[in-house]
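Engineer: In order, the protein sequence lines correspond to chains C and W.
Mapping the first sequence onto this note's numbering, position 57 (from 1) lands on 57, and the numbers just tick up by one.
Remember, this note's numbering sits 1000 above the position in the second sequence when you count from 1.
Quick reminder that beta carbons are idealized off the backbone N, C-alpha and C, glycines included.
Got a structure for you, questions after.
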Amino acid sequence: MRKFPILLLSVLLFTSARAAIETYQFDDPAKEAEYKALVQELRCTVCQNQNIADSNAELAGDLRRKTYEMVQQGKRPEEIKEYMVARYGNFVLYNPPVQTNTLLLWGGPFLIFVAGLVILVRIIRRRPSTDEHVLSEEERKRAEALLAQGTDEEK
Amino acid sequence: MKARYLVPLIVFLVIVGFLAVGLKLDPKKIPSPFIGKPAPAMDLPTLFNPNEHITTESLKGKVWLLNVWASWCVSCRAEHEVVSRFAATGLVPIYGLNYKDDEQDAKAWLHALGNPYEANLVDRSGNAGIDWGVYGVPETFVIDKKGIVRHKVIGPVTDEIVRDTLVPLVKKLQAEQG
């Protein structure tokens, strides 16, 4: 059990170590980091279940180029995201903002968790108590008598 | 106490409800953020006359359609007949946005299948496509007299879409004040 947290951590840490297809030159390592974070978060609208870093689709390539150009121009990541959202909607973000129509998306897992917890507590409470029944002196004697009787008959 | 036994049934029905709705949704249809917003600015050369530039601004004052197509796009070929029939009615000018295409291929395509477009704007790089939020070709936008995007058809336009959606919408928009 002690190994579990380490295992969990390693799974979480090594989920997104992938590279884009083209190689872009950056004049500033900070910009390169921004670019890499952005292409991981922007979703490819053609291939749907991939981000633009992973996708080989033409449009993903165009969006990577656009992201690169904007990063090089010194645009902030928020500006670049706004630019993409203005054109493709919140669909392009793998982390959509919390707003009325995404409340269920963000809150759903917690709702399910709470519901599971309630069910669990109810089941545990309803379970009959299983404390051991200790024989009283009288009962013990009777049991001994019965057992002795059984062995007698066998003889 | 009987109600307890209904719980799995209710849960089952809720799941069925969600799945039934999910079946009908088309994940390829992403709602366009442009509906009700001004059409993105563009300034593009036309296919047959590279010196002539068309801008979004220059098209203001009339209702027009922008049909995004490319010669490499298979469903554009299927759609082309429908677009041609619609253009032939003369109800509304249809502008083509030739998206990420080769000039010669695009011209050959129009020569072979006919050119229903008022003009074809050339977007070789795909930048105008990004500005319009194009993610799958063909796509068709309806722009009103004030230059506001009012409708978007994702995927090939069919005769049904023309009859039931585009014609009534264009007529309604043409009746609006410019």
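Name the DSSP bridge partner or partners of C/Ile112?
Structural biologist: DSSP lists no partner for C/Ile112.
Engineer: Where DSSP assigns a beta bridge to W/Trp1069, which residues make up the other side?
Structural biologist: W/Asn1098
Engineer: Bridge partners of C/Arg43, per DSSP?
Structural biologist: Beta-bridge pairing links C/Arg43 to C/Asn51.
Engineer: Consider the Cβ of C/Ala86: report whether some Cβ of chain W lies at a distance smaller than 8 Å.
Structural biologist: Interface with chain W (8 Å Cβ-Cβ cutoff): C/Ala86 is included.
Engineer: Give the secondary structure of W/Ile1130 by DSSP, where H, G and I count as helix, E and B as strand, and everything else as coil.
Structural biologist: helix
Engineer: Which of helix, strand or coil does DSSP assign to W/Arg1150?
Structural biologist: strand
Engineer: Am I right that W/Gly1126 and W/Gly1155 are in contact with their C-beta atoms under 8 Å? What's the rounded C-beta distance?
Structural biologist: Between W/Gly1126 and W/Gly1155 a beta carbon distance of about 19 Å is seen, past the 8 Å cut, so the two are scored as non-contacting.
Engineer: To be precise: take each residue of the stretch 1111-1131 of chain W, compare its Cβ to all Cβ atoms of chain C, and keep it if any distance is under 9 Å. Which residues remain?
Structural biologist: So the close ones are Ser1125, Gly1126, Asn1127, Gly1129, Ile1130 and Asp1131.
Engineer: Comparing the C-beta of C/Lys81 with each C-beta of chain W, is any distance below 8 Å?
Structural biologist: no
Engineer: Could you run through the stretch 44-64 of chain C and flag, in chain order, every residue whose CB is less than 8 Å away from some CB of chain W?
Structural biologist: Legend: CB atoms of the stretch 44-64 of chain C lying less than 8 Å from CB atoms of chain W belong to residues Thr45, Val46, Gln48, Glu58, Leu59, Asp62 and Leu63.
Engineer: Under DSSP, the beta strand (DSSP E) around W/Ile1014 begins and ends at which residues?
Structural biologist: A small correction: the amino acid at residue 1014 of chain W is Val; Ile does not occupy that position in the sequence shown. First-last for W/Val1014: Ala1003 to Lys1024, but that is the alpha helix (DSSP H), not the beta strand (DSSP E).
Engineer: Anything in the stretch 102-114 of chain C with a Cβ closer than 7 Å to a Cβ of chain W? List those residues in chain order, please.
Structural biologist: Answer set for the stretch 102-114 of chain C: empty.
Engineer: Go ahead and label C/Tyr68 buried or exposed: buried means 16 or more other beta carbons lie within 10 angstroms of its beta carbon, across all protein chains shown.
Structural biologist: buried
Engineer: Could you check where the beta strand (DSSP E) with W/His1053 kicks off and where it finishes?
Structural biologist: His1053 to Thr1055
Engineer: Going by DSSP, what residues sit across from W/Asp1043 in a beta bridge?
Structural biologist: W/Thr1055
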